[in-house]
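For the sequence shown, the working numbering begins at 11 and goes up steadily by one.
Backbone N, C-alpha and C fix where the C-beta goes; we use that ideal spot for every residue, glycine too.
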Amino acid sequence: MARVLIIGNAGGGKSVLARKVAAKRGLPYREIDTIVWKPGWEAFPQAEYEAAHAKLIAEENWVLDGLGWTESLPARFERATEIILIDMPLWMHFWLAAERQFQWAQGKLEHPVAGVAEMPSTRDMFQSLWETDRDMAPEFRRLTDLAERNGKPVTRIASVEELDRFAASL
């Protein structure tokens, strides 16, 4: 049984890395955003999200990326057998998310977030990055520290260079 949680702010390369880890280790890839967002960037109702989240994390094996709702983080961290935290400076997340927006606008984005065809508003995306850094990042950092103290393997990635090295080492 292996459950690898890849966590961090948007635009940091979680999904790309998660797909690589899943392929290399022969594990199913799961994306939290698919249970958060409906087409048109409409959020699923909280009860639907919670039921889907509980079902998803109950699976025996997965590589799971994404943030979801803050209240669901502790259960996800508890169930994970390994944590990969992508925690680059906020400006880098803005930069990488902007690059993704350009790819999306040009029709060159291979894997749209949550499979949603419509590109999100850049303004809304940047607002979300800011709010995630302010409101949610302290919690996923705290949970990562706790998981590490409790003996779970934790990999911390703080730059694009570290991300590239880790991906190349798979």
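For residue i, is the classification buried or exposed, using 16 other Cβ atoms within 10 angstroms of its Cβ as the cut-off for buried?
i, result
"N19", "buried"
"D75", "buried"
"E41", "buried"
"T80", "exposed"
"W101", "exposed"
"G21", "buried"
"L180", "exposed"
"G50", "exposed"
"S131", "exposed"
"R13", "buried"
"G23", "buried"
First and last residue of the beta strand (DSSP E) that includes residue i?
i, result
"E41", "39-41"
"D75", "72-75"
"R166", "164-167"
"L15", "13-18"
Would you say residue i faces chain B, with C-beta separation under 8 Å as the test?
i, result
"A28", "Absent from the structure: chain B. Only one protein chain is present."
Please report the straight-line C-alpha distance between residue i and residue j, rounded to a whole angstrom.
i, j, result
"G36", "A90", "16 Å"
"W114", "T165", "29 Å"
"P55", "R110", "27 Å"
"K162", "E88", "10 Å"
"P38", "I93", "16 Å"
"V170", "I16", "15 Å"
"W47", "A53", "5 Å"
"I167", "D145", "20 Å"
"A147", "L173", "18 Å"
"N71", "R86", "13 Å"
"F104", "A157", "27 Å"
"R141", "F176", "The displayed chain sequence assigns Glu, not Arg, to residue 141. About 27 Å."
"N160", "L66", "23 Å"
Output the boundary residues of the alpha helix (DSSP H) element that contains residue i.
i, result
"S179", "170-179"
Practice item. At 3 residues or longer, and completely inside the region 88-163: list those beta strand (DSSP E) runs for me, N to C. Key: Entirely contained in the region 88-163, the beta strand (DSSP E) runs reaching 3 residues are, in chain order, 92-96.
Review point. Within the chosen definition, does the region 16-36 reach the region 46-64 through at least 3 CB pairs nearer than 8 Å?
Key: In the pairwise beta carbon analysis, the region 16-36 is classified as not touching the region 46-64: fewer than three pairs are separated by under 8 Å.
Review point. What alpha helix (DSSP H) runs, 4 residues minimum, are completely inside the region 21-56?
Key: Qualifying alpha helix (DSSP H) stretches, in chain order: 24-35, 43-46.
Review point. Does the region 93-113 come close enough to the region 148-157 that 3 or more CB-CB pairs lie under 8 Å?
Key: The region 148-157 vs the region 93-113: in contact.
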